[in-house]
Structure formats: structure tokens, C-alpha cells
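Below is one structure, written out as C-alpha cells, with a few remarks after it.
Protein chains: 2
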Amino acid sequence: MKNYIKPSEWNIVEEGFDPHLNKISESLFSIGNGRMGQRANFEEAYTGDTLQGNYVAGVYYPDKTRVGWWKNGYPDYFAKVLNAANWIGIDIKADGETLDLNTAKVRDFKRVLNMKAGYLERSFTAELQSGKVLRVISKRFCSIADDELAAIRYEVVAQNFSGTLTITTAIDGDVKNQDSNYDEKFWEEVSKGFQAETAYITLRTKKTNFEVCTATNTQIQLNNKAVGAKAAPIEKEKYIASAIELPVEAGDTVTIYKYAANVSSQNYDKAALQGAATAAIARAVEAGFDALFEAQVAAWANKWEEGDILIEGDVAAQQAIRFNIFQLNQTYTGKDARLNIGPKGFTGEKYGGSTYWDTEAYCIPFYLATAPQEVAKNLLVYRHNQLQKAIENAEKLGFKDGAALYPMVTMNGEECHNEWEITFEEIHRNGAIAFAIYNYIRYTGDASYLASHGLEVLIGIARFWKQRVNWSAEKNKFVILGVTGPNEYENNINNNWYTNKLAAWCMRYAKEAAELVKAEDASRYEAILKQVNFNTQEFEDWTSIADQMYYPYDEKAGVFLQQDGYMDKEQMLVSELPAADRPLNQKWSWDRILRSCFIKQADVLQGMYFFEDEFDTETLERNFKFYESRTVHESSLSPCVHSILAARLSDEEKAYEFYLRTARLDLDDYNNDTEDGLHITSMAGTWMSIVEGFAGMKVRDNKLQFNPFLPSQWQSFSFNIGFRGTQLKIKISSAELSITNNSSETVAVSVFNETFDIAQGEKKISLKALSL
Amino acid sequence: MKNYIKPSEWNIVEEGFDPHLNKISESLFSIGNGRMGQRANFEEAYTGDTLQGNYVAGVYYPDKTRVGWWKNGYPDYFAKVLNAANWIGIDIKADGETLDLNTAKVRDFKRVLNMKAGYLERSFTAELQSGKVLRVISKRFCSIADDELAAIRYEVVAQNFSGTLTITTAIDGDVKNQDSNYDEKFWEEVSKGFQAETAYITLRTKKTNFEVCTATNTQIQLNNKAVGAKAAPIEKEKYIASAIELPVEAGDTVTIYKYAANVSSQNYDKAALQGAATAAIARAVEAGFDALFEAQVAAWANKWEEGDILIEGDVAAQQAIRFNIFQLNQTYTGKDARLNIGPKGFTGEKYGGSTYWDTEAYCIPFYLATAPQEVAKNLLVYRHNQLQKAIENAEKLGFKDGAALYPMVTMNGEECHNEWEITFEEIHRNGAIAFAIYNYIRYTGDASYLASHGLEVLIGIARFWKQRVNWSAEKNKFVILGVTGPNEYENNINNNWYTNKLAAWCMRYAKEAAELVKAEDASRYEAILKQVNFNTQEFEDWTSIADQMYYPYDEKAGVFLQQDGYMDKEQMLVSELPAADRPLNQKWSWDRILRSCFIKQADVLQGMYFFEDEFDTETLERNFKFYESRTVHESSLSPCVHSILAARLSDEEKAYEFYLRTARLDLDDYNNDTEDGLHITSMAGTWMSIVEGFAGMKVRDNKLQFNPFLPSQWQSFSFNIGFRGTQLKIKISSAELSITNNSSETVAVSVFNETFDIAQGEKKISLKALSL
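Chains as they are written, first to last, in full-length UniProt numbering: chain A, 1 to 772; chain B, 1 to 772.
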């Protein structure tokens, strides 16, 4: 656990330069715009410890799988997020001596990530070994208003010397993935050159043949006057740069504007790529840095209007939640249904792939409430577009007749994970994908999605479950054998309650969805059934299986059993574990973890969260107490579900405690792994803890409901959400719930089961009377 | 399945040269002497497809582990059987043109492995592209009488030309393992040179720093007269050779004698290695090829005297069983307790390591009956010597206080396998190691082994089981969770009947063994208890756990359940599987295999084989019928156990059917993998099928018992065994059991529960009267 980030409501601030923290800061200060992003690497040369990272969304490399022991059905490759051309390079030499913070004496170092306006600023004073002192202030952003563009302003002051500054600005495509399985480089050069002052380089990925053209234009001012001298071009393999030598006097300020564009063959014909990149650069140069920056500020203001959370009385919590919201919005903007939310976003390489069940289980609720409806919808369409691949994926495992198994980790719909106990057995992901469709319609009311996209997906999923169950003559029920539940500290278990529950629900919901489509649009219904070659007998099978599904239950404890045989384990509590044994995944061998009763992340409780309305408070409480005391939360996705359920059970202290465990996970480097990148998808869970937990927000019967409480550590909290065309601001203080309706339409809202019609403007509701 | 090996009672014969079969033949015709061995590679240059393999027992390389996803507790390395210096090289050039069977026209090719005398012979006529014809006859062997030595006689006749033959004889240490994880070479050169006519090269393994000195001496005759000309030395990195040019006339015969020695730093000081190698060569040269060969013939005659099986009326079966016995004797001679029986012996690289539970479960019975007592004993001592490593191995997994978990795969006592479901969970191996001690004493009567070695091992193993069980409040019994049984088509299961059975037995036997040692030698007993820091409370714990062990059982079917929940599976029979689905491990994805009811190899039945006397025939029959019909035998270790139990149940047809599945596994390349090497350890199972199955041999109450039958396809079968100092020949025909006692001591033998005293000489017992 680190504690070096300064508290600030809108900013992430690092003061002083500690090379040992540099890779952590490179992750924390990452910037992105949904289309591209990068770690907070330095513009100038740096010979110290660093993880270079520039990423272009959707551009991946199928790295050949590495495996100890091959199992039938493993995918051949693991899709890697690609480290792409580095376009930030601005090398500075003072009379031939390189500015390098690893060798210089560094003073007044400050790095600020301004979350309100979406930019990264860095300033420092560096004394070179010769004694020359340079003062640098750099500012850069990836434009969220024009997502092909990024810009840097890099100011250098020659503080104590007169001489020559050599400035080299480069695009370096000769980069590598640190996680390359066989130490290969993934890019090859297509072309490069200069078009007028604009440098460009087009690189192609091996195997996948994506092409990305990166272009930059550099403009240099000396004491605010444009420098006339022409830069000299430098070309090497996969590298293009230009260098200029500037005579400077002590006190002179050199300002370098560097505009960058990234365009890829996902969005342009390959022949048009170079033209698109230079056109984007032309737009940037035409507008200039200040105008681009203004547009950035405005675009971010708009995002905060939709999804800010304001916490009064706790700066650390305020900083944390904004950091989470900011990073989620940098990672995914929802404009493109081919993209998704990688577990590390644009902040690192780890985990490869871009899509996990995290998207459906954790991210969708966030985007539903804080972004236009299209954003969450595009996440659903992403899976719809990959349905055929999910069917092929299931076929590889022996399923047939249109059964679809979505992959555990994917970039393009194909499975890339290769651990049998996860890849083949963590099939509950299929349920989360169906649940997300339900959740989207519940929130938005957009049931037309079923006819346009959803039903096909639901049929594929229900077909999978039908084939995946088997009849147990022993239990006289349908069972699901050989699975791994959300709790990955159990492998290859039988009758995981969560999986069985979700499977039965999927089959019922698919039938319900079909009936709904039939009622709304009979011809579309017929068309879908024909297309998927449907036999109506399937409906009966689904119902019959769902009705006869086996659910493990322990009579004595009155709890749903996570899986068959769970009570055979030695029953211990997390509170009995010696501190030296934790985290278990670092201290215990894998088999010991597996046979212990300890749970990595919410499993039964994840199911009770999804299907909360089915359970009375006593049942929820019994299960919560039982499982909470056995859960070690060694997944960042776990505490949020516990926080929400604790809030449901009015255990405000526990709810807040679990919230704390996720909120500053990365900022405080809780797990010692922030240097690899941020835990992007679990950030949505932090948002959920506040909105669904503390505020108790849910949507039932087409209405918003709140069951709020105020953590005692806070004075108030408020958040902005969108709901069915209205934009609401919800503010919760100890005594009062205030709802501000920013639209002209009246919205009905339930608070503790009493319903209020909220017209335009603010309405204050006293909580005292209601919650008694 | 191939069928190119010619039937012969004592020989393995290949006629005609088919390059596509060459790697298979290289495996089948392998030779070895327990200390070194090699694949049947060609002496002369060969540019066709080949797997070069020369191995020195006990010399291994710890190749860095390759893994997809690291789990806590995995070993850092996988010990590889090392491909060592190639000493057979004899390159022939005719007027500069290389003799290479890949480019020449080959006629009259014949390869013979003479199992009676233990040598490999090859003859062929090769027409080079120039039209020159050479006739070659080569003969080579690894001396089992002097196991540092090997010899080759290589005869070349220049059939149709006069010119110059260039003969280069080499030691090539610049070799690689095909299965090198990171494409590394494992050897580096220490020294090389000539000492008089003898070439030597000393190589050192990286990391492990084994040194092996290989030396050769070449003597050449032209038409049976020594050639006077001196050879020219050739030295390259890790390579030493000498070349000679001989003018020949058409019809001349050149005979090359090449003597080779391999000595390693396991047996000599490194400083003395070169001296030891050249001394060995001097012995060989002094004796000459013919005398060395005579000693070889005599040594093998002795081995066959101890362990031959003679089958009348079925040449294919005769060839097969001798092949199995021959290969086992080539692999392990029992002289050195640091060595063991690798799954591929000296015939290939695959599976690395040298020791699996195969040794205890399958090989020990073979060596007990067919070799001096010391041989099986040394296999036990091997584990005794590795006890400390087994304790450390258990500690890595969280066990303590002297609990020992022997590794799944090892070279030096450390675990090298890295698949969690096997490495950490296939813990039944610990039971087989204890059972082997029991089995050894049961056969030999040598109970003193407990005091000298066995008890410490048994205590370490019992301590492991004690810590590995846990109390299930649910079942009110002790359970063993999270294991993989012998049936590796199930992973991470609970209460594997075989494992639970063996665990309870181990704890009881350890206590019994302790009592025995106490009674026999109280001071030794005290010394052992002190040494292992024993608390006598442990005895009570063991008994209590063994008494309260849980055994899954199905009342309805009346069978022991392989594991908890087995009856929840869809119950199918192997007979219902479509042929296209087999073998399952190639046709089904891993998860599908896991959740099916199909069994890879004997599991419950393995336990019933070990503890046969505990079960009545009806129980055995019910379990056999149930499991046999669900077992796919996709391990070569499976059919033998089924064959033996079928024989017990008087199902002679099934017993023979299962025998057939193993007997010619390699000779007929049944699984299409013989080219990788032979299935050495499963060969012992074939022997067991005949001796323990058809002949029904067992040892009970210090007496041999037979319950024989004759497969209807045979006229008779007989075998030689040693039992407690006597050497017996047992012959079974349809009507009669003949026992020839070659020693002067009278032996009591039971046949179908009637006891006979067998004095020296032959005794014939009519089976008709007895079996009625």
C-alpha cells in the first residue's frame, strides 16, 4: 500500500520525483479517449524504469498461446492489447547533453492529472550533470471531442545557460509488448515519410494485418515567436523524427506544440489511412492547441454533468470516486460497438483481450446511468455481433444446434484464455451476458432491443444451457457438473448455485423474451425463429429443465450452498486466518486454496444481488452472514457486491467498509500491482457501491427507487444520472434526499416504498419520516 | 496401428527400409544396459527423419518450467532426460560421396533386435547416386556385463568399385533435446582430446553440473588385417573425431570396431573421469569385440533364466512378452539405488523425469519375481533416500511436522511436474509408495527392511495423510477433498474411494510397521522415533482417522463410488460411444471428458487389486462389471489391472482381451506414438497380466499361490520366477500345472487352495481335479 498521491477533489497529484514510483504513476496518470490512450510516460528521453504504453482501441495481436500442458479445445492464441507507436517523443539536448530525469538532479517535480478537464500536466526543474538547468512544463491530452487527435504543449526554459538546444520530435514504432509470449515484435512497417511538415508512419500488425497510421506535426516557438529554421528529418526502421537546433540565451522559453493523430484500418480503407491521418493533423494545426484544449474541457464538462458523484466531507473519497469515473470514461465512450472495456483499459498490457464478463456484470450498470442509452446498448450489440463466434466456440467444445458459449476473454469473439478450469468451465459468463440484456431493458425500457438483437442471443444462450445440464437419476433433478463459479478459488465443481440459478433464469427469460417479441412483432418473431432454425419444443424443454433444476441448500445453516459438498470442508472464518497467510493467493499453494472454504469473490451473493427481489431479508441476511465471513475478496470485483448487499441489510458500517476496499485500490496501490495498469472494470463496482449501495438505487416496474443512507464519515453525497430521457441530480444528506430534475418531464420516483412525482426543479424529501 | 515387425520368438525384425517408419524403429530397436542406452539411430550419416537419442542414467537437466498461468507452489523446473553425446557415429564416404540411406537406393535392408543375446544388428546394400554399391553389416550392444562399455562392429564391403573409402568415427556432443522448453542446448564442453588412439570428450550439464566423459577407440581392418595408416584428428566445439582414407578394391571388406565408454561424475570424481573412461576403453580393447560379446550373451542368458516367459502356440504373443521383459531389463538393472525407471527408459525424451508411481504400482512386482531381491529393494531405497525432499515438497504445500508428499514426477526427489490437478492433487502416489514396501516384504519376507529404511518413509507418509484429511461435520467422517485419483479424467474431486482407502491403509500399516520394529529391535525403534521427533499420540490419531474414514458407496448399484457425486453423471457405457469419438482425449474437449462418466484407467479397481483379499467375489464382480463398462483405457497402465481382475473372476475371455491391449502396444504402434519412445513402465503390466492374471500368482502367508488358466489361443505358457532364494519354472497347459524347482530347498505352493510341497525337480499337478 502506497500513500503518495496528494488529496484533491478534481486532481490526481504527485509531488517530487521518486523513480521507484514511476511505473505506478505511469498507470495512475494515464490518459485516453476511448479510441486511443496511453500511459503517462515522459515525452523526453528516460533511461530509468518505465513501462512504455500506447494503445489503439480494437487493434490487437493474436500471440501464440503459451501453455505447460495442452488440453483439447484450447485456443491457439491469446489476443494481446498491442503496444503501438509511441508518438509523444520530444527529446531535448542542451549542448549535446540529453535531458533525462534518470541522470539529472530533479527539483520541483509535479505531475497532475486534471480529471475535470481531462489532461495531464507535468512540471519539473532538472539540473543536468554539466550544471545546466532546464525548467519544463508539459501538458497533454487525448481529445475526447475529436478522438483521432491528441496534443502536447511542451515548454522548456533554459534557466542558467546560453547555448544550443536540440529538439527531436519522433514517432517510434519500433516497440514491443512486454508480455510477448515468445519475445516477438508484433508490428511491421508499411510506409513512412513527411507530407509538408507532418511526419507519418503506417505500421501493420503481423497475422491480423491491422494498419495504423500515426502522424505528428511539430511547431516550435522561441519566446512565443515561431521559429523559422527548418527541422532535419531522421528516418530509421519503424521510426521517423525531425530534429532542430536552436540557439538559446539564459531565460529563453522554447515552446513545442506537438499534434498527433492515430487512425486505423478499422475505420478507413488502408489506401486512405495516410490521407486520414494527415487530414486529422491539418484539423489540429488549423484549430491550434488552445482551441483543441477548450473543446476538451467542454467535452469533459458534459461527461461530468452526466455522471459525476460529489462527496462532501471526505476529500480522499471524493478524489477516489472521480478517479474511477474518469478512467471508465477515458476507456470506453460507447461510440463503436466493436470496442469494449479491457480490464486494464489503456493503462497497461496485462490480461490481454478486451472483454470479460466484468463488462456485463459491473460496467453496464455504470454506463446505463451515466451515459446516453446508446453507450450501454453498444456493449450489448458487441456481443450480438459476436454470436456466430460464440456458436463456433461452443461447437469446439462439443455443443451443437446453435448453442452459444461466449468466450471468457476475447477481442473478436473468439476465446483466447487457456486455463481449462476457467476457459471451459467458468460458463456462468453466458448468464451474465443474458442478464445484461434484461438489465438494459429494465433500466431503459427499450424492449425493442429484444426484437432487433437480444432474442437471438438469448436463444443461443438458452440452447447452451439446455445441452450443458444433465439429468441426475440420483437427485431426480437436472444438474450442472464440472463448472467454475465466480469464486475462482474452486475449480471443476458440481452444481454451483449461482450457475444453476442463472442457467434456469436464462432459459425462462429466453422464452419470455420470445413471447414478448411474438406479441409485439409477429413477423419479426417468425423471421428470427426461422433464422435460428427454431423448434418450439425447445421452449418446453427450457421450462422443464428450469423447473427441475437442482439447487444445493443446507438445511441446518439455512443457506444456499455455493456448490455440492461445500459443507464437507473444514468450516473456518476469515477472521480466524493469520495475517501472515494473506493474501491466500500469494501465501498458499493452489490445492490448499481449492480445498479450503475461503471464497475469492461474491458467488452465491452475486446471484442474490442479481435476483434480489426473490429473497426475503432474513434469507439474504443468513446467506450474507455465512458467506461474508468466508470471503477473502482477492478479486477487485468482490467488495462492491458485498457493499451493496450490506446496505440492503442496513449494515451501514459494513457497507462503508467494503466501499473503502475498492475505492482507492489503484490510487493507494493496495495490491502492489498498479504499475502493471489500473483495474478499470472494477472501478464500475465502486460507482455501484455508492449509487446502488448507499443511495440504494434500483429500477423496478419502470420506476427509479432509492433506499438511501449517508455514511457517517460524509456530510452529503450527490450524483448525476440519466434515466429514460431525464437528467437527475440526487443528493443525500443525513436528513434529506434531494432530487433535481433537469428536464421538463415529470419522473415518478420511489423512496423507501413511497412514490413521489418529481417535476422539473428540485424536490426535497425528508428521510426521517420515511425510514422510520 | 502398424504391422511391419516380422514375427519371431526371440527377435524383433524389420525387413526393407521405409523412411516413414524409421523413428518408430529407432524406438523399438533401442538398446541399453541400465546405465546408458540409446535409440537405434544409424551409425553412418543420415539426412532423413530421425530422433537422435543417447542417454546416461541419472544425468538430467532442470529445464525451466513452461506454463501458461502460474500457480503458487509450481516447481521452477522440469527435469529432462538428457540427450547426451552421440558416440556411434561412423561416417563412410566412397570417393568423397557420403553413404546416406536417405539419398542412396537401399536394398536388402534388415534390422534385428536380438533379445536373447541383447544386441542390435543391421544389414543393407546401398547404391550411391554415383552407382557405387556398398554392403554394410553392423552389430552393436551396450554391455550389460560391464555397464560402462558399448561396442560396435561395422563391416563395409565395396561391392562394385575400387577407390578410396573415407571413414570418420566421431563423438558428437553438440546435441540438443527435442523437448527443450526454450530451445536451449543443455551441455557445455569441459575438455576433449586424444589419449593415444582413444578420443575422449568431457561435457558438463548447465545448472546441474553433471560431467560425463565419453571415450571411443576405433580399430580398422581391411580384409581382416589391421590397417596400419594413422587416422587424422578432427576437433570442433563439443565434437571430436578421427578420419582415415583407405584405398579399396572391389570386393574388399573393411571392418571397423568401435569401442565406447560413458562414465559420469555420479560415480567418479570429476578429476578422475577422463582416466576412468580411458581405462574402460582399455579394458574393452584388451578383451576385444568377440569376448565382450560373449559376456553379453552370458549376462542376458542369466536374465532370461530369471525372468523369461515362454508361450507355445502364439508367436506374436511370445515376441511381445519377451520384448516387454527385454526392455524392462535394459532400462533398470537394480544395481544403483539412485536410478529408477523412466516412463520411456532410454528410448526417447518424452515425459522427462525418471520416476512416476508406475515404479511402485507396476514395476516392483515384475522385478520382485524376475530379479535378485536387491533390485526391487533398491527401488524402495531410492524413495527412502528422497524422504527429506518429500518432506520439503510437502512443506511447500503447507504441510508440516515431517509430513512427506513424494513428487508425481521426479529425478532427484524434487517435484518437476506442473499441472496443479496432477502435481498437487494426484496424491495417491504416496499410497503406492507405502504399498510397495508392504508388497516387497510380503514377497520377500524381508521384514528387516522396515527397521533399516521403511518405517521412516511410512511415518512421513502417514503424517501427510493425517494432515491432508479433514473432519466433515456434515458426514460425521473424515474426508479427503480436492484430489485427482488414478483416473485422470476427473480432477479436483472429493473422496476418491481409492485415495481414501489407501490413506486409511497407510496410517494403519505405518502403525503396524512401528509395532513390528519395536518388537524386533526396540533400540532401533527408539532411535527412529527420536530421529523423526515422534509423538506416540500420532498412532492414536492415525487409528482414529482410519476408523472414521469416509468411503463413498452406492447402495443401489452395490458399488464403491469412484468419488462423491459420481452417480450424478449421465451414466453411459463405453459400448454406447461412437467409434468416431475415440480416443476421447483426442476427440473431446477436456471439460467434456471431465464431466462424463468415462474413466481413463482403473481407479476403484486398482484399489480392489491392491486389497483383493478384503472383498468377496460378488463384490469384486459387481464393481468390475460397473467400472469395466465405463473405462476407456486411455492409459497404457489400465488394461493389465482389468486383465488380472477378470482372471480372478474366471472371465478368461476378458482377461485375454485386456492382455492383448497392452502386449503389442509399442510393437504395433497402437497409439501412433511409438516414434517418441516406448511405454517402458506399462510393459511391467503386461508381465503382470500373464503371471498374476493367467497364472493367478500371488503371495499369501509367505506362500506362493497359483489359480491358473490357459488362454484358449495358447498351447501352454511357462515362466521363470525367483521366490525367497529358490528359482522356479512354472508351466501351465490346459490340464496341468508343472512346477520345476531348481533349488535344493523345498517350497510350499498353493494351487487353488490346496498346498503342495515342491522339492527339487519337476512336479506336475493336474488342474482338472483341483479347479472343479
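The beta carbon of each residue, even a glycine, is placed where N, CA and C say it ideally should be.
Test item: CB-CB of residue i and residue j under 9 Å
i	j	result
A/ASN114	A/ASN86	no
A/LYS6	A/LEU21	no
B/LEU405	B/PHE464	yes
A/TYR443	A/ASN495	no
A/ASN267	A/GLY334	no
B/GLY445	B/ASN702	yes
A/GLY348	A/SER27	yes
B/CYS640	B/GLY693	yes
Contacting residues, own chain, Cβ-Cβ under 8 Å from residue i (five flanking each side not counted)
i	result
B/ILE758	LEU728, ILE739, ASN741, THR746, VAL747, ALA748, VAL749
A/LEU649	THR617, LEU620, GLU621, PHE624
B/ASN340	TYR332, SER354, THR355, THR359, LEU379, TYR382
C-beta neighbour in chain B for residue i, strict 9 Å
i	result
residue 793 of chain A	Coverage of chain A is limited to positions 1 through 772, which leaves residue 793 of chain A absent and any answer about it impossible.
A/LEU397	yes
A/ASP591	yes
A/ALA514	no
A/TYR655	The residue you asked about is not Tyr; residue 655 of chain A is Ala in the sequence shown. Output row for A/ALA655: interface = no.
A/ARG595	yes
A/GLN537	no
A/TRP588	yes
A/ASP666	no
Rounded distance between the beta-carbons of residue j and residue i, thought under 8 Å
i	j	result
residue 774 of chain B	B/ALA684	No information on residue 774 of chain B is available, as it lies outside the stretch 1 to 772 that chain B covers here.
A/PHE611	A/LYS501	7 Å
A/LYS110	A/GLU14	7 Å
A/VAL479	A/ASN470	6 Å
A/GLU127	A/VAL133	5 Å
A/GLN195	A/THR278	5 Å
residue 774 of chain B	B/TYR200	Outside the modelled stretch of chain B, which goes from 1 to 772, sits residue 774 of chain B, for which no answer is possible.
Contact with chain A by residue i, beta-carbon distance below 9 Å
i	result
B/ASN671	no
B/VAL479	yes
B/ALA432	no
B/GLU570	yes
B/LYS475	yes
B/MET567	yes
B/TRP187	no
B/SER629	no
7 Å CB neighbourhood of residue i in its chain, flanking five on each side removed
i	result
B/VAL285	ASN217, TYR259
A/TYR77	PRO62, ASP63, LYS64, THR65, CYS416
Close beta carbons around residue i, own chain, < 6 Å, minus the five adjacent residues each side
i	result
A/ARG322	MET115
A/THR125	ARG107, ASP108, ARG135
Review point. Looking at chain A, which residues of the segment 22-35 of chain B have a Cβ within less than 7 Å of any of its Cβ atoms?
Key: Going along the segment 22-35 of chain B in chain order, one finds no residue with a Cβ nearer than 7 Å to chain A.
Practice item. Can you give me, in chain order, the residues of the segment 391-425 of chain A that have a beta carbon less than 7 Å from any beta carbon in chain B? Key: Cβ contacts with chain B: LYS396, LEU397, GLY398, ASN418, GLU419, TRP420, PHE424, GLU425.
**Study point:** Residues of the segment 52-85 of chain B with Cβ closer than 9 Å to any Cβ of chain A, in chain order
**Key:** If you check each beta-carbon in the segment 52-85 of chain B against every beta-carbon of chain A, the ones closer than 9 Å belong to THR65, ARG66, VAL67, GLY68, TRP69, LYS71, ASN72, GLY73, TYR74, PHE78.
Check your understanding: Of all the residues that make up the segment 325-355 of chain B, which are near chain A by a beta-carbon distance shorter than 9 Å?
Key -> Cβ contacts with chain A: none found.
Review point. Taking any Cβ of chain B, which residues in the segment 481-492 of chain A have a Cβ under 7 Å from it, in chain order?
Key: Hits within the stretch, in order: LEU481, GLY482, ASN491, ASN492.
Review point. Which residues, in order along the segment 493-511 of chain B, keep a beta-carbon less than 7 Å from a beta-carbon of chain A?
Key: Those residues of the segment 493-511 of chain B placed with their C-beta closer than 7 Å to a C-beta in chain A are ASN494, ordered along the chain.
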